[in-house]
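J.: In this text, residue positions in the sequence shown follow the numbering used here: the first is 367, and each later residue adds one. All residues carry an ideal CB built from backbone N, CA and C; glycine is no exception.
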Amino acid sequence: MSGRKDNKDQGGRMEPRLGNLDGLDKPQAPMPPRDDLPHFGAGDPERRRQAPRPQPSKSSKRGWLWPLLLLIVIGAVAFAWVNQDRLRGLVPSTELNDVLSRADAALHDGHLDGNDGKSARELYEAARALEPDNDRARDGLRQVGQAEIARADAALRDGHLDDAAQALNAARELLGGGSDVERLDQALTKARSANVQPDGLIDRAQQALADGRLDGDDGAGHLYRQVLAIDPNNAIALHGLDKVAEGLAAQARKALDAGDRATAATIVDKLAALLPNYGDLPSLRASLVQAQKQDNGELADDLKQGQDALRAGRVDGDGEDTAVAYFKSALAIDPDNQEAKAGLGQVAQALIVQANAAIDANDAVHADQLLDRAASFAPRSADLAAARARLSDLSKRLNAGNNIEATPAGADGNVAQAPAATLTPQQSAQIARMLQSAELAARRGQIMLPPGDSAYDLYRGALAIDGNNEAARRGLQELPNLVARQFNQAMSNGNLVQAEGFLGDLSDLSPGDAGQDQLRQRLAGAWMDQAEQQLGRGDRAGAAQSLHHAGKLATGNSRLQQLTARLQTGS
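Here's what the structure looks like:
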């Protein structure tokens, strides 16, 4: 047997072999032509795996980008919409920055307060009107208040008591009270008392009592109170104060007997402030309440009949059955009645409507009469100013000799219209500047002040040049709505002084708006809230000032009377 084992017989290592070499000398079959395409059979899996796969086109590669870009755009728009206020805040406001820069400069220069529109306080308040939540403006007003405290301290040290009092009042308005304000108030009272000798005050008080001058800064009551501030146990002053109270009580009863409830109420309030524990005060108040109940019935009747007369068209004229007569009767009972004042404002509005109709008919004489009458009830009405401008424009055209009669009418009954006056390029440019300044002043809250540069005056000035200028008339008549928004913003910011100013502007611009009563009560409530807080922390001077503001807005309010009693008794 051969020693070599066949590979087929063993499962071990296989030796390499060259195979059959005999076929190398034989001719080879021709190769098929190349076509650059892969060639493999169905039974060749290796070639199938190595075969190149078809590549996607460039357009198909980029196809998924468009939906992604669309999603990004949609997301960006949604983010901008949700965060529009924050994004808007990132955009610098040239006007706001200018106002704040000027305010900072005025504060640095010590120009703290004033009425020229250039003081730090005015400029910071203008900035808050542009952007109510601006921290820089709010902090600036606080710094102005602190600067006023420093000014009051310096004036007090130098003996300038009036200047100290002025600075102290400004600081109280800006800071809303506080320990520094209370400290200065006490120091100022002490300084004033130190400069006055009790003996001289007593002599002056005795003479005032003999002359019948009971109240007022130079009245016996005030002088006796000054003596008691220096010497609380002074018997002459205490007795004199009782005499003053007896005299005021007699005046109040006399006014009640004469049916003059308003005067009686004023005297009773003075008596309560002067001597809150006076024994006859409760009976006087009871008599006043009874009289006021009777007046309230008459007042309500006058107000109702006044409104009925307005609806019936009996606006003004001779006789007792007109809206004017009823509303004036209501004011005779309650001079501060806001509903009656609003009624007269509605009368003025009705007269202005009639005047505009007369202007449309080219009846300048009748329109002038109607507007004069309206001005007696609402002299600063925005609608009145606009109508005055239209009348002035009509008068100019009629006087130009355009062959237009006072009340012309054609065969068809239509009234001929006078041609409009042609403006010079200089006048047009001047009007454009005035309108731009008026819009800026309105945004700053400069509605009625300063004179000449207020929005009200600038719009009127533009209308004086062109009485039919639509932009000026629209801007003027939009002022009440703008002021109402600014009032609400000032209330939201807790700036009651500014809100009161806006309410006064609104009352001038739109006196017939009955909705102002709600704003008035809201502001009065805020002043009373502040007074209650001030009383709670012992700031009686600040509380007195707050109650004074509330009293101008809500006469006869029961809560106001309770807080006033707390202030007077020190409870």
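Report the option in GLN855, ALA652, LEU437 and LEU869 whose CA atom is closest to the CA atom of LEU622.
T.: Minimum Cα distance to LEU622 is reached at ALA652.
J.: In the region 802-838, which residue ranges form an unbroken alpha helix (DSSP H) of at least 4 residues, counting only runs that do not cross its ends?
T.: As far as the region 802-838 is concerned, its whole alpha helix (DSSP H) runs of at least 4 residues are 821-831.
J.: Roughly how many whole angstroms lie between the Cα atoms of ILE725 and LEU875?
T.: When rounded, the distance between both Cα atoms is 21 Å.
J.: Assign HIS474 to one of three DSSP states: helix, strand, or coil.
T.: HIS474: helix per DSSP, three-state reduction.
J.: What is the residue span of the alpha helix (DSSP H) that ASN643 lies within?
T.: Here ASN643 belongs to no alpha helix (DSSP H), and DSSP marks it neither H nor E.
J.: Taking the continuous alpha helix (DSSP H) assigned at LYS484, which residues delimit it?
T.: First-last for LYS484: undefined, no H or E at that position.
J.: Over the uninterrupted alpha helix (DSSP H) stretch that includes GLY606, give me the two end residues.
T.: Segment 601-623, the alpha helix (DSSP H) holding GLY606.
J.: Are ALA730 and LEU760 touching if we call contact CB-CB under 7 Å?
T.: Yes, they are a contact pair.
J.: Do the CB positions of GLY606 and TYR590 come within less than 7 Å of each other?
T.: Their beta carbons are under 7 Å apart, which means GLY606 touches TYR590 by this criterion.
J.: Looking only at C-alpha atoms, which of ALA595, ASP551 and ASN643 sits nearest to ASP608?
T.: Measuring from the Cα of ASP608, the nearest candidate turns out to be ASN643.
J.: Between the Cα of ILE718 and the Cα atoms of ALA706, ASP583 and PHE743, which residue gives the shortest distance?
T.: Out of ALA706, ASP583 and PHE743, PHE743 has the C-alpha closest to the C-alpha of ILE718.
J.: Exposed or buried, which one is ARG468 when buried takes at least 16 other CB atoms within 10 Å?
T.: It is buried - the Cβ of ARG468 has at least 16 other Cβ atoms within 10 Å.
J.: Can you tell me whether ALA536 is buried or exposed, with buried defined as 16 or more other CB within 10 angstroms of its CB?
T.: Classification for ALA536: buried.
J.: Given that a residue counts as buried once 16 or more other Cβ atoms are within 10 Å of its Cβ, and exposed if not, what is TRP893?
T.: TRP893 comes out buried.
J.: Applying the 10 Å Cβ sphere with the 16-neighbour rule, what's the burial state of ARG454?
T.: At ARG454, the pLDDT of 47 sits below 50, so the modelled position is not reliable; the number obtained from the coordinates is stated separately. It is exposed - the Cβ of ARG454 has fewer than 16 other Cβ atoms within 10 Å.
J.: Would you decide whether HIS914 is buried or exposed? Buried here means 16 or more other CB atoms lie within 10 Å of its CB.
T.: Its Cβ having fewer than 16 others within 10 Å, HIS914 is exposed.
J.: Would THR555 be called buried (16 or more neighbouring beta carbons within 10 Å of its own) or exposed?
T.: It is exposed - the Cβ of THR555 has fewer than 16 other Cβ atoms within 10 Å.
J.: Enumerate in chain order the residues of its own chain whose CB-to-CB distance from ALA503 is below 6 Å, with the five nearest sequence positions on each side excluded.
T.: These residues qualify, in order along the chain: TYR490, ALA493 and ARG494.
J.: Compare the beta carbon distance of GLY878 and GLN671 with 7 Å and say whether it is the shorter of the two.
T.: No; because the gap between Cβ atoms is not below 7 Å, this pair is not in contact.
J.: From ARG677 to ARG517, what distance separates their C-alpha atoms?
T.: Rounded to whole angstroms, ARG677 to ARG517 spans 57 Å at the Cα level.
J.: Alpha carbons only, please: which of VAL547, ILE440 and GLY542 is nearest the one belonging to ALA531?
T.: For the residues VAL547, ILE440 and GLY542, the minimum Cα distance to ALA531 belongs to VAL547.
J.: Between LYS636 and ASP581, which are expected to be in contact by the criterion C-beta below 8 Å, what is the C-beta distance as a whole number of angstroms?
T.: Confirmed, about 5 Å.
J.: When the Cα atoms are used, what is the spatial distance from PRO701 to LEU527?
T.: Cα to Cα, PRO701 sits roughly 36 Å from LEU527.
J.: Kindly list the residues whose CB is nearer than 8 Å to the CB of ALA553, restricted to its own chain and excluding five residues on each side of it in sequence; keep chain order.
T.: Closer than 8 Å at the Cβ level, and outside the excluded window around ALA553, lie LEU522.
J.: With DSSP collapsed to three states, give me the class of LEU842.
T.: The answer is helix: DSSP assigns LEU842 an H, G or I state.
J.: Given a threshold of 16 other Cβ atoms within 10 Å of its Cβ, counted over all protein chains shown, does LEU919 qualify as buried or as exposed?
T.: Result: buried.
J.: Give every residue of the same chain whose Cβ lies closer than 8 Å to the Cβ of ALA751, excluding the five residues on either side of it in the sequence, and list them in chain order.
T.: Cβ within range, chain order: TYR822, TYR825, ARG826, LEU829 and LEU842.
J.: Whole angstroms is fine: what's the gap from LEU926's alpha carbon to ALA533's?
T.: Taking the straight line joining both Cα atoms gives about 27 Å.
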